[in-house]
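Quick note: the sequence shown, position 62, residue 62 per UniProt numbering, numbers continuous.
All C-beta atoms in this analysis are idealised placements derived from N, C-alpha and C, irrespective of residue type, glycine included.
What follows is one structure encoded as structure tokens, with my remarks underneath.
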Amino acid sequence: MILSSALRRHKNARVMYKSLRTFAVKQMTCRDAIYSAMDEEMDRDPNVFLMGEEVAKYHGAYKVSKDLYEKHTERRVVDTPITEAGFTGLGVGAALYGLRPIIEFMTFNFSMQAIDHVINSAAKIKYMSAGDVHCPIVFRGLNGSSAGVAAQHSQCFAAWYSHCPGLKVLAPYSAEDARGLLKAAIRDDNPVIFLEHELMYGKSFDVSDEAQGKDFLIEIGKAKVEVAGTDC
């Protein structure tokens, strides 16, 4: 009887410990990670601004920009007409002038409308100027298949853009990766393609205390070991 009582107490203590651990770990969705990265970088650097279709008053087609319009005003969160070629060209020009634009494509399928600006202007300018001119711009938005959007809106451009010299291509999986990589992309002096997936926006991940810091960055180009193996 004494033994069974002790075992029950031990079991209850383990359950309470697990509950406390679960409660203590902060979770964040990929949507919130992307939003918080943009918000903090806009607070940090007045040259950072967001531009794209429905990013301001509507808070983004996938509600990623949330209240950025209310917090940072229409000067830095800019709604555009439905003309990817137009606002992408404006963004590239602003980056060459010294600002740090975040250009949101409602889906990267529409980036094909602006491909000349992305490939022939943003990506090539560093090499064409022998490193004297930089284009600090982030192109971000939905990439890959989604529910009910047909073939024209379901393409994945990760491999395609990865073969274009002058572009860094990021496709984060977790909230921590999305947050750290986007902040690094915004601070980068050269163009970055930041690919997001609709199915990941609402998915929650554990986020470390370090990743919640305003200066948390993940180095672009450095591989991350998710699980160490012994097969090789």
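Contact belief for residue i with residue j at Cβ below 8 Å, rounded distance in angstroms
{"i": "Leu195", "j": "Phe108", "result": "7 Å"}
{"i": "Ser111", "j": "Glu84", "result": "7 Å"}
{"i": "Ile220", "j": "Asp189", "result": "Wrong, their Cβ atoms sit about 11 Å apart, outside the cutoff."}
{"i": "Lys126", "j": "Val133", "result": "7 Å"}
{"i": "Gly91", "j": "Ile103", "result": "4 Å"}
Backbone CA spacing between residue i and residue j [nearest angstrom]
{"i": "Ala123", "j": "Gly144", "result": "22 Å"}
{"i": "Trp160", "j": "Ala228", "result": "29 Å"}
{"i": "Tyr69", "j": "Glu40", "result": "14 Å"}
{"i": "Gly180", "j": "Ile218", "result": "5 Å"}
{"i": "Met200", "j": "Met128", "result": "37 Å"}
{"i": "Asn47", "j": "Arg100", "result": "6 Å"}
{"i": "Ala211", "j": "Gly202", "result": "18 Å"}
{"i": "Val207", "j": "Ile186", "result": "20 Å"}
{"i": "His163", "j": "Ile115", "result": "14 Å"}
{"i": "Arg76", "j": "Phe49", "result": "5 Å"}
{"i": "Gly93", "j": "Lys168", "result": "19 Å"}
{"i": "Met42", "j": "His72", "result": "8 Å"}
{"i": "Arg21", "j": "Phe205", "result": "Only weak support exists for where Arg21 lies, its pLDDT of 46 falling under 50; the coordinates are left without a value."}
{"i": "Lys63", "j": "Asp32", "result": "10 Å"}
{"i": "Lys214", "j": "Cys156", "result": "31 Å"}
Identified DSSP bridge partners for residue i
{"i": "residue 233", "result": "This structure does not reach residue 233, given that the chain is present from 1 up to 232, and the question cannot be answered."}
{"i": "Thr230", "result": "In the DSSP output, where bridge partners are listed per residue, Thr230 has none listed."}
{"i": "Phe216", "result": "For Phe216, which the question treats as bridged, DSSP gives no partner whatsoever."}
{"i": "Met28", "result": "Phe205"}
{"i": "Ile193", "result": "Phe139, Val169"}
{"i": "Val48", "result": "Arg100"}
Among the options, the one whose alpha carbon lies nearest that of residue i
{"i": "Gln27", "options": "Glu176, Lys222, Lys183", "result": "Glu176"}
{"i": "Pro165", "options": "Val192, Met200, Asp132", "result": "Val192"}
{"i": "Ala158", "options": "Lys63, His197, Val149, Leu182", "result": "His197"}
{"i": "Arg140", "options": "Thr88, Leu99, Ala150", "result": "Thr88"}
{"i": "Leu142", "options": "Lys214, Phe205, Ser154, Ala223", "result": "Ser154"}
{"i": "Tyr97", "options": "Ala178, Asp45, Cys135", "result": "Cys135"}
{"i": "Ala223", "options": "Tyr35, Pro172, Phe205", "result": "Pro172"}
{"i": "Val149", "options": "Met106, Ala130, His59", "result": "Met106"}
{"i": "His59", "options": "Tyr35, Ser174, Gly93", "result": "Tyr35"}
{"i": "Glu53", "options": "Cys30, Val78, Gln113, Val25", "result": "Val78"}
{"i": "Met38", "options": "Cys232, Asp231, Phe216", "result": "Phe216"}
{"i": "Gln113", "options": "Gln152, Ala130, Ala95, Thr230", "result": "Gln152"}
{"i": "Met51", "options": "Lys183, Ile137, Ala147", "result": "Ile137"}
Interface flag, residue i vs chain C, CB-CB below 9 Å
{"i": "Glu198", "result": "Of the chains in the structure shown, none is chain C; there is only one protein chain."}
Quiz prompt | Segments of 4+ residues assigned as alpha helix (DSSP H) that fall wholly inside the stretch 141-172 | solution = 158-162
Quiz item: What are the uninterrupted segments assigned as alpha helix (DSSP H) that are 4 or more residues long and contained completely in the stretch 55-118, given in chain order?
Solution: 68-72, 84-97
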